[in-house]
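Each remark here refers to the structure printed beneath this line.
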Amino acid sequence: MVTLVYRGATHDVVARDATELIQAARELFGLSPDDGIRLVHRGKQLGPSADLTFISGKILVMATTAQAAETLNSSRADPTIRPFEADDRDDARRKEDSSGAKMSTVWHAAQDPRYKFTRFEVVSWQSFGHRPGSTTPHAFAARELLEKLATDPGVVACMRARELVVGTLGEMDPIDDRLMKAKRGEGGDLLGYNTNGGMRIDIKLRTDDLSGFMPYPRLVETLLHELCHNWVGPHNKLFWTLFAQMRVEYLHEHMRIAARGTLIDGKTTAALAGVHADCVAGSRVIAEAVLRGIAEEVGVPMAQELHAAVEDHIRFMEIESAGEQRGRVLGATPDGGVSAAAESTTAWDPRARAAAAAEARAAARGLQFGKGHGPAGSPGSQD
Numbered sequence: 529m530v531t532l533v534y535r536g537a538t539h540d541v542v543a544r545d546a547t548e549l550i551q552a553a554r555e556l557f558g559l560s561p562d563d564g565i566r567l568v569h570r571g572k573q574l575g576p577s578a579d580l581t582f583i584s585g586k587i588l589v590m591a592t593t594a595q596a597a598e599t600l601n602s603s604r605a606d607p608t609i610r611p612f613e614a615d616d617r618d619d620a621r622r623k624e625d626s627s628g629a630k631m632s633t634v635w636h637a638a639q640d641p642r643y644k645f646t647r648f649e650v651v652s653w654q655s656f657g658h659r660p661g662s663t664t665p666h667a668f669a670a671r672e673l674l675e676k677l678a679t680d681p682g683v684v685a686c687m688r689a690r691e692l693v694v695g696t697l698g699e700m701d702p703i704d705d706r707l708m709k710a711k712r713g714e715g716g717d718l719l720g721y722n723t724n725g726g727m728r729i730d731i732k733l734r735t736d737d738l739s740g741f742m743p744y745p746r747l748v749e750t751l752l753h754e755l756c757h758n759w760v761g762p763h764n765k766l767f768w769t770l771f772a773q774m775r776v777e778y779l780h781e782h783m784r785i786a787a788r789g790t791l792i793d794g795k796t797t798a799a800l801a802g803v804h805a806d807c808v809a810g811s812r813v814i815a816e817a818v819l820r821g822i823a824e825e826v827g828v829p830m831a832q833e834l835h836a837a838v839e840d841h842i843r844f845m846e847i848e849s850a851g852e853q854r855g856r857v858l859g860a861t862p863d864g865g866v867s868a869a870a871e872s873t874t875a876w877d878p879r880a881r882a883a884a885a886a887e888a889r890a891a892a893r894g895l896q897f898g899k900g901h902g903p904a905g906s907p908g909s910q911d
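If you count the sequence shown from 1, position 361 lands on 889 in the working numbering, and the numbers rise without skipping.
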């Protein structure tokens with residue numbers, strides 16, 4: 529014997545299976561044949577053929593009237609309630625937006641499919657320390673700027689040439705007092721930092737007063753600077769050699785694009801990047817711009833020491849562009865041979881090969897680098 533319970537009413541019933549119980553429930557509780565009935569025992573629904581031999585106690589009767597079912601089926605969906613399918617679509621869209629595959633609205637191009645920044649992150653106004661004013665760029669604008677940097681043809685060329693993959697390109701907190709004060713105590717401003725050899729790179733996008741963004745060419749220089757920390761941590765001669773080479777490659781790519789007549793909305797990519805005067809007049813102007821930047825950053829003596837390296841790299845870029853050299857032998861000696869350092873690093877990853885090549889070229893010219901600097905940069909390099 530079991531006890532049927534429906535809306536507070538109870539009846540004791542003797543039945544052999546659930547089908548008989550359903551029929552008894554219709555008769556005892558006045559339910560019509562069109563009403564849907566379910567039987568629940570101890571939290572589990574009983575099927576029509578359920579054996580009642582070992583079932584005792586109370587069985588809950590749940591009924592849905594035909595009228596209630598018709599009303600539910602004919603009602604319109606509540607527009608304020610999002611279906612699961614919509615959430616899935618939004619998740620997929622967010623993942624696509626956070627990836628590096630998005631086409632740039634500035635350059636009308638995307639990143640290299642393999643060598644790229646895989647994610648972008650910006651800071652919210654809560655991290656500013658106060659509410660943004662009317663002139664403070666929105667986070668959407670900051671994200672667009674990060675995407676512009678990542679898809680800049682010059683940056684893409686540098687990433688592809690060195691087979692670089694960076695986990696996250698993020699916006700650095702513009703008023704990170706602890707880091708700012710620490711860096712200013714060393715005589716400089718913190719404009720970016722590289723975490724774990726390229727796992728994450730953060731760039732200071734905004735000015736100190738949060739009224740706008742830093743000049744775009746300055747942001748590019750900072751990004752290339754931080755990419756160099758994928759190989760070398762300290763700011764030694766090896767580091768500045770790598771930085772000078774990447775600056776040459778960046779400007780040369782914009783010069784090459786301008787030379788073939790490619791325009792975007794009537795402008796060259798060099799003009800859009802703010803480096804028209806630094807590259808379109810030819811390789812000599814590129815060398816002057818790179819060395820001038822080095823002199824402003826670390827002084828004239830370093831620029832003088834790197835003069836030969838810059839000229840050498842520009843000649844290589846010209847030869848490669850002309851199609852006279854299809855591949856580069858990293859660590860080549862001035863007479864065209866291959867140094868022992870280059871031969872011993874053929875099995876290294878691209879970052880190690882690039883660092884060894886720069887060191888070999890510098891050694892051939894008599895430059896003396898600091899000791900103990902391997903091919904990989906130190907974790908958490910800050911500038």
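Glycine included, each C-beta is placed from N, C-alpha and C at the ideal position.
Which residue marks the beginning of the beta strand (DSSP E) containing residue i, and which one marks its end?
i, result
"T547", "It is not in any beta strand (DSSP E) - T547 instead sits in the alpha helix (DSSP H) that spans A546 to F557."
"A591", "G585 to T592"
Which class does residue i belong to by DSSP, given the choice of helix, strand or coil?
i, result
"K765", "helix"
"E749", "helix"
"F648", "strand"
"V813", "helix"
"T679", "helix"
"F771", "helix"
"L674", "helix"
"M972", "Residue numbering for the chain in the displayed model covers 529 to 911; residue 972 lies beyond these limits and cannot be assessed."
"F668", "helix"
"R642", "coil"
"F582", "coil"
"R690", "coil"
"G864", "Its pLDDT being 43, under 50, G864 is placed unreliably by the model, and the measurement read from it follows with that caveat. DSSP places G864 in coil when its eight states are reduced to three."
"A685", "helix"
"T663", "coil"
"S602", "helix"
"A637", "coil"
"V818", "helix"
"D562", "coil"
"A801", "helix"
"V776", "helix"
"A543", "coil"
Roughly how many whole angstroms lie between the Cα atoms of residue i and residue j?
i, j, result
"V818", "F771", "9 Å"
"L556", "L600", "26 Å"
"M727", "V808", "34 Å"
"L532", "E598", "26 Å"
"S632", "T593", "57 Å"
"A578", "A546", "6 Å"
"R690", "F612", "43 Å"
"G698", "F645", "10 Å"
"F489", "M845", "Outside the shown range of the chain (529 to 911) lies residue 489, about which nothing can therefore be said."
"S584", "L549", "13 Å"
"G794", "S602", "57 Å"
"D540", "A596", "28 Å"
"T861", "L747", "Any reading at T861 needs caution, since the residue's pLDDT is 44, under 50, leaving its predicted position unreliable; the model's value is listed next. Computed Cα separation, rounded: 34 Å."
"S560", "S652", "60 Å"
"T538", "I587", "10 Å"
"T679", "K572", "57 Å"
"G827", "P665", "34 Å"
"Q551", "R570", "20 Å"
"W635", "V813", "24 Å"
"G920", "R642", "As displayed, the chain neither begins before 529 nor continues past 911, which places residue 920 out of reach and without an answer."
"H841", "T790", "24 Å"
"A831", "R617", "53 Å"
"K732", "A850", "37 Å"
"G682", "P745", "11 Å"
"F648", "Y721", "15 Å"
"G864", "L766", "Note on G864: pLDDT 43, under 50, position unreliable in the model; the coordinate value appears next. The straight-line gap from Cα to Cα measures roughly 21 Å."
"E816", "W759", "25 Å"
Pull up the DSSP beta-bridge partners for residue i, would you.
i, result
"G534", "Residue identity check: residue 534 is Tyr in the sequence provided, not Gly. A537, per the DSSP bridge assignment."
"I792", "K795"
"Q573", "V568"
"L697", "F648 and I729"
"F741", "R734"
Starting from residue i, trace the alpha helix (DSSP H) both ways and give me its first and last residue.
i, result
"D806", "H804 to C807"
Which full runs of the alpha helix (DSSP H) of 4+ residues lie inside the region 820 to 855, going along the chain? 828 to 833 and 835 to 849
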